[in-house]
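Here is the structure we will look at, set down as structure tokens.
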Amino acid sequence: MQKNCIYLDNNATTKVDPEVVEAMLPYLTDYYGNPSSMHSFGGQVKKVVNQAREQVAALLGADESEVIFTSGGTEGDNAAIRAALLAQPQKRHIITTQVEHPAVLTLCKQLENQGYTVTYLSVNRQGQLDFNELEAALTGNTALVSIMYANNETGVVFPIEQIGVRVKEHGALFHVDAVQAVGKIPMNMKASTIDMLTMSGHKIHAPKGIGALYVRRGVRFRPMLIGGGQERGRRSGTPNVPGIVGLGKAAELELLHIQEATAREKKLRDRLEQTIIATIPDCEVNGHSTQRLPNTTNIGFKYIEGEAILLHLNKHGICASSGSACSSGSLEPSHVLRAMGIPYTILHGSIRFSLSRYTTNAEIDTVLEVMPGIVEHLRALSPFKNDEAAWLQEQEQAVIGARG
Amino acid sequence: MWDYTDKVLDLFYNPKHQGAIEDKGEPGIKVAVGDVGSIACGDALRLHLKVEQDTEKILDARFQTFGCTSAIASSEALIELIQGKTLDEALKVTNKDIASHLGGLPEAKMHCSVMGQEALEAAIYNYRGIKREAHDDDDEGALICTCFGISESKIRRVIVENNLTTAEDVTNYVKAGGGCGSCLASIDDIIASVQQQAVTPVSASLNTNGQTSAKKLTSVQKIALIQRVLDEEVRPVLIADGGDVELYDVEGDRVKVILQGACGSCSSSTATLKIAIESRLRDRVSQNIVVEAV
Ligand code: FES
Numbered sequence: 010m011q012k013n014c015i016y017l018d019n020n021a022t023t024k025v026d027p028e029v030v031e032a033m034l035p036y037l038t039d040y041y042g043n044p045s046s047m048h049s050f051g052g053q054v055k056k057v058v059n060q061a062r063e064q065v066a067a068l069l070g071a072d073e074s075e076v077i078f079t080s081g082g083t084e085g086d087n088a089a090i091r092a093a094l095l096a097q098p099q100k101r102h103i104i105t106t107q108v109e110h111p112a113v114l115t116l117c118k119q120l121e122n123q124g125y126t127v128t129y130l131s132v133n134r135q136g137q138l139d140f141n142e143l144e145a146a147l148t149g150n151t152a153l154v155s156i157m158y159a160n161n162e163t164g165v166v167f168p169i170e171q172i173g174v175r176v177k178e179h180g181a182l183f184h185v186d187a188v189q190a191v192g193k194i195p196m197n198m199k200a201s202t203i204d205m206l207t208m209s210g211h212k213i214h215a216p217k218g219i220g221a222l223y224v225r226r227g228v229r230f231r232p233m234l235i236g237g238g239q240e241r242g243r244r245s246g247t248p249n250v251p252g253i254v255g256l257g258k259a260a261e262l263e264l265l266h267i268q269e270a271t272a273r274e275k276k277l278r279d280r281l282e283q284t285i286i287a288t289i290p291d292c293e294v295n296g297h298s299t300q301r302l303p304n305t306t307n308i309g310f311k312y313i314e315g316e317a318i319l320l321h322l323n324k325h326g327i328c329a330s331s332g333s334a335c336s337s338g339s340l341e342p343s344h345v346l347r348a349m350g351i352p353y354t355i356l357h358g359s360i361r362f363s364l365s366r367y368t369t370n371a372e373i374d375t376v377l378e379v380m381p382g383i384v385e386h387l388r389a390l391s392p393f394k395n396d397e398a399a400w401l402q403e404q405e406q407a408v409i410g411a412r413g
Numbered sequence: 106m107w108d109y110t111d112k113v114l115d116l117f118y119n120p121k122h123q124g125a126i127e128d129k130g131e132p133g134i135k136v137a138v139g140d141v142g143s144i145a146c147g148d149a150l151r152l153h154l155k156v157e158q159d160t161e162k163i164l165d166a167r168f169q170t171f172g173c174t175s176a177i178a179s180s181e182a183l184i185e186l187i188q189g190k191t192l193d194e195a196l197k198v199t200n201k202d203i204a205s206h207l208g209g210l211p212e213a214k215m216h217c218s219v220m221g222q223e224a225l226e227a228a229i230y231n232y233r234g235i236k237r238e239a240h241d242d243d244d245e246g247a248l249i250c251t252c253f254g255i256s257e258s259k260i261r262r263v264i265v266e267n268n269l270t271t272a273e274d275v276t277n278y279v280k281a282g283g284g285c286g287s288c289l290a291s292i293d294d295i296i297a298s299v300q301q302q303a304v305t306p307v308s309a310s311l312n313t314n315g316q317t318s319a320k321k322l323t324s325v326q327k328i329a330l331i332q333r334v335l336d337e338e339v340r341p342v343l344i345a346d347g348g349d350v351e352l353y354d355v356e357g358d359r360v361k362v363i364l365q366g367a368c369g370s371c372s373s374s375t376a377t378l379k380i381a382i383e384s385r386l387r388d389r390v391s392q393n394i395v396v397e398a399v
């Protein structure tokens, strides 16, 4: 197993911070009590769980009573959406976007089969929403608006508070999947329109399998997991104590580093992006130029395919991600880039680089060194060279035509 | 990360036959090109063949591939398999040969090997000036998978040639069904109809109704079917008796075979065997088949 690499896939997952590991260790070894137990051996564990809750609440600018620990982003999204619907059984309409994470989209599709109507808001070429479309979709029947804070593939950030104001005017609940945004954008739930917010530990240097859901005080919450009544009855199940401690520590570190870390990441990201665009012909950035996470860039390299690029990067010990179909196990290209109307020439060759506070200058140098050669090599193999190629145009039109 | 064999990775990282072949107008030489796939679908292959016209030998072959690791490796593998072969020999190369040359491909990537086989066919058909029957698809308008632009006849063919039994297999081999999934039910229907046909002798359906899809077998499909009947139904019996048979050539309905082992040496049994093979092929492929031992 390969241990060291230039890891530029931090929107997929992050390295667990050594301080987080250290904080967790005692709760995997010596202090293994159940926080629900009556004895003091469990009681001392309960204290650290509460401390972690405070740490997470601090990162979110929330009250600790508003934080529910979950197993991660998918559970948070599912729990929030289901809770919102169960609490307002008379309302049967949901609004979300075409570019959400599958944890939201797949559930919404399923809910459609159960009699709910779902509006999937479209995005433009820069990945942004149209307020008029949102406005037109909101009705008194809308139970919930679920919109991501920042897109995992492009890093495009939605104007969440502006959206929230409109949502509130229509009396709907507002859920935000902030899995990619927490730790990169300062959060202040006290001054927010958000009713529920999902976050995940492994995107902020905590381990996988732990996350949190913020639920604004006063929002009716019908739990998805029922049983022993843990988490004030809102999420039953013995808490994942080491994970929770890790999440708490990670939240504390994020809060501590957010300003300087994101500024640093942005500088590195901009250098990576700008140099690639300047030195490699026929490539472009997917997503809005400024309304974007500081750590993410998604670049489309025309006429070549993403997985092939990734494998070459991998050979140089560089980990990135692709929006192309081939690397993900599904055959359809990224639904996010498709929703943005990115042409096929760029779509299939789109690569996401996502940085973290561990990314170094030297690592970016290496990527910049190898990338032109990789692109050149693959372009030399490709039958497509320019947009004018008759074969290319014919084929692209044929498929678009067939799709209707 | 896909689980690729070392061979796939080797051919992907170090392809030796990429590029185009220019037609320099050399006497006795013809350059043919075959295109498959599209940028919209995420993979495309343009195959160039340099053919000696007298012998129909492939003197050189090059590829230009847009696609993933396995698409590029499959292109390289295809060329390794066909270099120096005659066009007829090359036509026998199947997607399975490409996949096994690579030491296997992940199931979901089998469509890359299919693309190789199709490009080869397209190039050879172009060389021979034959209009590919696959083009009839458009006339029939039977587009099953609109996400990937895949026709019924292509799906049918991949099912027959690779003995596919589920819609997931079909997706792995030609992508159809791998997008929105709305065509999966139709793919199930096509599988059912192919299976239905497999139990009905092809000749019978031909006799009763000239419009059946059996009549639409392309020559490549026909050769593949003959090979399959020989491999699956004839050879096991012969091998058990110490003999064997190898397909040598197919010209229209004339199927030339080489009888081997006990079957080849014993003159009295040769005729009987030939007839036995013929009747099986008539049953399974076409009433008009005549088998000749060479
Ligand atoms: S139509 Fe075949 S997958 Fe969408």
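So the sequence lines, in the order shown, correspond to chains A and B. The first sequence runs 10 to 413 under my numbering. The second sequence runs 106 to 399 under my numbering. Here a beta-carbon is modelled for each residue, glycine too, at the ideal position from N, C-alpha and C.
From what residue to what residue does the alpha helix (DSSP H) around I308 (chain A) run? First-last for I308 (chain A): 305-310, but that is the beta strand (DSSP E), not the alpha helix (DSSP H).
Taking D374 (chain A) as the reference, which of A:L277, A:V29, A:P35 has the closest Cα? A:L277
Determine, using beta carbons only, whether S359 (chain A) and I308 (chain A) come nearer to each other than 8 Å. yes
Relative to the alpha-carbon of G283 (chain B), which residue among B:V399, B:A204, B:F253, B:T170 has its alpha-carbon at the smallest distance? B:F253
Residues that H153 (chain B) bridges to, as DSSP identifies them: B:V138, B:R167
What does DSSP give as the partner residue(s) for H1 (chain A) in the beta ladder? With chain A represented from 10 up to 413, any question about residue 1 (chain A) goes unanswered, as that position is not in the structure.
Return yes when the Cβ of L264 (chain A) is within less than 8 Å of the Cβ of D26 (chain A), no when it is not. no
Can you tell me where the beta strand (DSSP E) with H184 (chain A) in it begins and where it stops? For H184 (chain A), the enclosing beta strand (DSSP E) starts and ends at 182-186.
Residue-level contact to chain B via CB, S155 (chain A), 8 Å cutoff: no
List, in chain order, every chain B residue whose beta-carbon is nearer than 9 Å to that of F393 (chain A). By Cβ distance, chain B contributes I144, A149, Q169, F171.
What do you reckon, is the C-beta of C250 (chain B) under 7 Å from a heavy atom of the ligand FES? yes
Please list the partners that T354 (chain A) has in chain B, where partner means a Cβ-to-Cβ separation under 7 Å. Within 7 Å Cβ-Cβ: I144.
Beta-carbon spacing of I313 (chain A), R225 (chain A) below 8 Å: no
Nonlocal neighbours in the same chain, by C-beta distance under 7 Å from C292 (chain A), ignoring five residues either side: I285, I286, I308, G309, F310, K311
Any beta carbon from chain B within less than 8 Å of E316 (chain A)'s own beta carbon? yes
Can you give me the C-alpha to C-alpha distance between D72 (chain A) and A66 (chain A), rounded to a whole angstrom? 6 Å
So with Cβ pairs under 8 Å, would you call Y158 (chain A) a contact of chain B? no
I need the boundaries of the alpha helix (DSSP H) containing S328 (chain B), first residue and last residue. According to the sequence provided, residue 328 (chain B) is Ile. The question's Ser does not apply to it. 324-334 is the extent of the alpha helix (DSSP H) around I328 (chain B).
Going along chain B, which residues have a C-beta under 8 Å from K324 (chain A)? Under the 8 Å cutoff, chain B gives Y118.
Name the chain A residues that come within less than 7 Å of T174 (chain B), Cβ to Cβ? E316, A317, L320
Do C328 (chain A) and the ligand FES come close, with the Cβ less than 7 Å from some heavy atom? no
Using the beta-carbon count (16 or more within 10 Å), is C173 (chain B) buried or exposed? So C173 (chain B) counts as buried.
Nearer than 7 Å: is that true of the beta carbon of S343 (chain A) relative to any heavy atom of the ligand FES? no
Please state the DSSP three-state secondary structure of T17 (chain A). A small correction: the amino acid at residue 17 (chain A) is Leu; Thr does not occupy that position in the sequence shown. Of the three classes helix, strand and coil, the one that applies to L17 (chain A) here is coil, per DSSP.
So which of B:N119, B:R233, B:V390, B:I235 has the shortest CA-CA distance to L330 (chain B)? B:V390
Would you call the CB atoms of F171 (chain B) and I184 (chain B) closer than 8 Å? no
Under 8 Å: do the stretch 114-132 of chain B and the stretch 180-195 of chain B share three or more Cβ pairs, one atom per stretch? A contact exists between the stretch 114-132 of chain B and the stretch 180-195 of chain B.
Give me the Cβ distance between V113 (chain A) and T105 (chain A), rounded to the nearest whole Å; I'm assuming they're in contact under 8 Å. 6 Å
For M47 (chain A), count neighbouring C-beta atoms within 10 Å of its own C-beta (all shown protein chains included) and say buried if the count is 16 or more, exposed if not. exposed
Closer than 7 Å by beta-carbon distance: list the chain A residues that pair up with Q123 (chain B), in chain order. A389, L390
Using C-beta distances below 6 Å, list every residue in its chain close to G231 (chain A), excluding the 5 sequence neighbours before and after it, in chain order. The amino acid at residue 231 (chain A) is misidentified as Gly; the sequence shows Arg. A92, L95, A96.
How big is the Cα-Cα spacing for R359 (chain B) and R385 (chain B)? Approximately 14 Å, taken between the alpha carbons.
Under 8 Å: do the stretch 218-238 of chain B and the stretch 283-303 of chain B share three or more Cβ pairs, one atom per stretch? no
Under 8 Å, Cβ to Cβ, is there at least one residue of chain A near V380 (chain B)? Looking at the sequence itself, residue 380 (chain B) is Ile, so the reference to Val does not match. Not flagged as an interface residue toward chain A: I380 (chain B), since no C-beta distance is shorter than 8 Å.
Check the DSSP bridge columns for Q123 (chain B) and list the partner residues they point to. B:F168
Interface flag, G221 (chain B) vs chain A, CB-CB below 8 Å: Not an interface residue.
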